[in-house]
Amino acid sequence: MPPILALTLSLTFSFALIVYDRRRSPKTSFALWIPSVWLFVLGSRSFSAWMNPGATGGSRAEDLMEGSPVDRAFFLILIALAVLVLIKRHVSLFEIVYRNPWLTLFILYAGLSLFWSDFPEVASRRWIKSFGDPLMALIVLTEADPPKAVATLFKRVAFVALPLSVVFIKYFPQLGKSYDSWTGFQFFTGVSTDKNTLGYLLFAFGLFFFSTLISKHGRTAVDGGRSEQAIAAVFLGITIWLFNVSNAKTALLCVILACLIYVASGLPRLRRFWGVTVIAGLVVFGILEMTLDFGELLIASAGRDTTLTGRTDLWRAVVDLSVNPWVGAGFESFWLGPRLDLLWQDFAFHPNQAHNGYLETYLNLGWVGVIALVGLIVGSFRGVQKRWSPDSGGTEADRDFARFGMACIIAAVVYDITEAALRSMNPFFLVFLIVSMQRPIRASARSPAPQLAATGARRATAPGGLAATVTMSVHGRRSPVISSRFRSR
Numbered sequence: 011m012p013p014i015l016a017l018t019l020s021l022t023f024s025f026a027l028i029v030y031d032r033r034r035s036p037k038t039s040f041a042l043w044i045p046s047v048w049l050f051v052l053g054s055r056s057f058s059a060w061m062n063p064g065a066t067g068g069s070r071a072e073d074l075m076e077g078s079p080v081d082r083a084f085f086l087i088l089i090a091l092a093v094l095v096l097i098k099r100h101v102s103l104f105e106i107v108y109r110n111p112w113l114t115l116f117i118l119y120a121g122l123s124l125f126w127s128d129f130p131e132v133a134s135r136r137w138i139k140s141f142g143d144p145l146m147a148l149i150v151l152t153e154a155d156p157p158k159a160v161a162t163l164f165k166r167v168a169f170v171a172l173p174l175s176v177v178f179i180k181y182f183p184q185l186g187k188s189y190d191s192w193t194g195f196q197f198f199t200g201v202s203t204d205k206n207t208l209g210y211l212l213f214a215f216g217l218f219f220f221s222t223l224i225s226k227h228g229r230t231a232v233d234g235g236r237s238e239q240a241i242a243a244v245f246l247g248i249t250i251w252l253f254n255v256s257n258a259k260t261a262l263l264c265v266i267l268a269c270l271i272y273v274a275s276g277l278p279r280l281r282r283f284w285g286v287t288v289i290a291g292l293v294v295f296g297i298l299e300m301t302l303d304f305g306e307l308l309i310a311s312a313g314r315d316t317t318l319t320g321r322t323d324l325w326r327a328v329v330d331l332s333v334n335p336w337v338g339a340g341f342e343s344f345w346l347g348p349r350l351d352l353l354w355q356d357f358a359f360h361p362n363q364a365h366n367g368y369l370e371t372y373l374n375l376g377w378v379g380v381i382a383l384v385g386l387i388v389g390s391f392r393g394v395q396k397r398w399s400p401d402s403g404g405t406e407a408d409r410d411f412a413r414f415g416m417a418c419i420i421a422a423v424v425y426d427i428t429e430a431a432l433r434s435m436n437p438f439f440l441v442f443l444i445v446s447m448q449r450p451i452r453a454s455a456r457s458p459a460p461q462l463a464a465t466g467a468r469r470a471t472a473p474g475g476l477a478a479t480v481t482m483s484v485h486g487r488r489s490p491v492i493s494s495r496f497r498s499r
């Protein structure tokens with residue numbers, strides 16, 4: 011098949027699926043396109059790279075400092091649009107801060123660290139850009155139906171990214187493949203520029219489509235359960251194929267873990283003692299690690315070098331270069347300047363992250379930052395666990411979303427050991443925020459019904475001949491609703 015024909019068919023297929031899903035899910039607003047574009051760009055390649063697909067990208071240490079003015083403007087426009095949407099929705103900043111204390115602490119401390127950064131101008135730009143992740147998450151979570159909005163977000167990005175990855179790998183190797191600069195080893199990257207970024211997308215989409223297939227809500231949804239299942243099965247198959255060719259084994263191990271957690275959380279017996287089950291699992295893993303060196307056995311079974319492809323050598327090197335053990339080098343400031351030059355001289359693959367999220371946080375924000383990150387993870391888990399409880403008062407879709415979030419958070423703890431997954435401007439971190447942030451109540455949802463100049467409570471006739479008791483204003487005061495009843499006229 012000619013490459014241009016394959017590309018045309020892929021884009022047509024993606025467009026048709028997006029239109030079909032939009033017609034089936036009219037509850038989401040047009041504003042949801044803002045986080046959809048944000049997630050797609052984070053999980054694929056920069057906006058400037060899409061505008062110039064043949065460009066190879068910066069390979070100098072200076073390029074990491076200078077950045078691209080085009081990309082900077084692109085992200086600032088999306089951030090500004092997100093702020094306007096949240097202002098229009100009357101989302102309370104105080105409520106966001108109050109309901110998400112650990113995330114607020116982490117962001118504020120990262121901003122404070124700009125004062126001791128070696129490169130405050132670069133760090134300031136990155137800190138401002140990092141606000142995009144929570145802003146995009148808030149757009150999703152303040153939709154009228156958040157679980158439906160999350161599903162729509164994932165499907166929109168997957169409908170484009172996954173088929174396009176297949177086309178790039180098979181028909182546009184200059185875009186869908188990359189080569190190690192030292193060994194010449196070939197990597198399949200799809201729409202992304204490296205296999206680790208592709209792995210983040212495959213993790214999120216793999217877990218999402220798997221949960222759609224097995225969840226009770228997904229099987230019985232009145233808005234097209236069977237078609238939803240068929241689409242999920244097709245795209246889960248594409249995800250598995252991409253896992254196989256991309257060799258993203260860390261992401262594969264984590265998505266298997268997340269799927270097992272999702273299934274286990276639906277079992278009534280385990281659900282009753284979920285906290286004990288999680289702690290017991292961690293204790294068993296610790297015992298196996300100490301007695302059988304279980305970690306190395308697991309890594310070797312996945313076909314990985316037990317040094318995690320040179321990661322342990324990198325970890326030792328960056329610890330020796332750490333600036334301050336308590337407060338770090340400053341937000342996103344470690345991988346800049348002389349430190350980066352020295353590391354690129356020693357490591358042929360030119361690392362720009364520690365490939366360990368906890369170590370990455372330590373290098374940039376010190377032990378204080380690590381404590382804040384652990385607090386964010388623990389606080390997120392507790393919040394999701396409350397939403398998952400049968401006593402939460404949520405719908406079946408809300409509890410399924412909480413199960414999905416719990417699987418993501420637990421898998422993130424493991425994922426962050428070999429990749430800096432919980433890091434700003436990372437697709438995995440955006441997914442983490444979407445499933446873990448405590449959403450504020452939209453002003454439109456908590457505002458009282460329009461007050462009418464009348465005394466007592468009257469009946470208001472609804473469309474279709476239904477009447478219900480509504481609250482009226484009595485001498486400037488709102489009277490409580492005593493009852494709600496419907497009658498046919």
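Quick note, this note's numbering runs 10 ahead of the 1-based positions in the sequence shown.
Just so you know, even glycine gets a beta-carbon here, dropped at the ideal spot from N, CA and C.
Does the distance from the CB of residue i to the CB of residue j come in under 8 Å?
i    : j    : result
V378 : Y119 : yes
S434 : G415 : no
S58  : S78  : yes
S127 : G276 : no
S188 : S54  : no
I381 : V423 : no
A327 : D351 : no
G200 : L246 : no
A92  : L145 : yes
A430 : A364 : yes
N366 : I420 : no
D81  : S225 : no
P130 : L122 : no
A133 : E342 : yes
C264 : Y425 : yes
S510 : P450 : There is no way to answer for residue 510, as the model of the chain reaches only from 11 to 499.
S399 : V177 : no
Q448 : R135 : no
L383 : L432 : yes
A274 : L280 : yes
Looking only at its chain, what residues have a beta carbon closer than 8 Å to the beta carbon of residue i, apart from the 5 residues adjacent to it on each side?
i    : result
F182 : P13 and L17
V150 : L42, P45, P156, A159, V160, L163 and I444
K180 : A16 and G186
L96  : L145, L148, I149 and T152
V255 : I179 and F198
S24  : F169, V170, P173 and L174
R487 : Residue placement at R487 is flagged as unreliable, the pLDDT there being 42, under the threshold of 50; the coordinate-derived value follows with that caveat. Excluding positions up to five away in sequence, the list is empty.
Between residue i and residue j, which are expected to be in contact by the criterion C-beta below 8 Å, what is the C-beta distance as a whole number of angstroms?
i    : j    : result
L373 : G338 : 6 Å
P335 : G376 : 6 Å
F197 : F438 : Not really, about 19 Å apart at Cβ, beyond 8 Å.
A258 : G209 : 3 Å
Between residue i and chain C, is there a C-beta pair that is closer than 8 Å?
i   : result
A90 : Although the question refers to chain C, the structure presented lacks it and comprises just one protein chain.
Where DSSP assigns a beta bridge to residue i, which residues make up the other side?
i    : result
F197 : S188
Who are the near neighbours of residue i in its chain, counting only those whose CB is closer than 6 Å to its CB and skipping five residues on each side?
i    : result
S221 : Y272 and F414
K37  : A154, D155 and K158
C418 : V445
S457 : Annotation note: pLDDT 43 at S457 (below 50); position unreliable, coordinate value reported separately. If we look at S457 and ignore the five residues flanking it on each side, it has no Cβ neighbours.
F344 : L373 and N374
F283 : none
F253 : L212 and L262
Leaving out five residues before and five after residue i in sequence, what residues of the same chain have Cβ atoms less than 7 Å from its Cβ?
i    : result
M107 : Correcting the residue type first, residue 107 is Val in the shown sequence and not Met. T114.
P518 : The question about residue 518 has no answer, for the chain in this structure spans 11 to 499.
R397 : G404, D408 and A412
L88  : I44, V47, W48 and G142
For the ligand SAM, I want to know if residue i counts as a neighbour, meaning its beta carbon is within less than 7 Å of at least one of the ligand's heavy atoms.
i    : result
I179 : Summarising the ligand content, the structure contains no ligands, and the ligand SAM is consequently not present.
message: Check whether the region 48 to 60 and the region 165 to 173 touch, using three or more Cβ-Cβ pairs below 8 Å as the test.
response: yes
Contact between the region 388 to 397 and the region 124 to 139 (3+ Cβ pairs under 8 Å): no
- request: Pair every Cβ in the region 172 to 182 with every Cβ in the region 109 to 125, then say whether three or more of these pairs are closer than 8 Å.
  value: no
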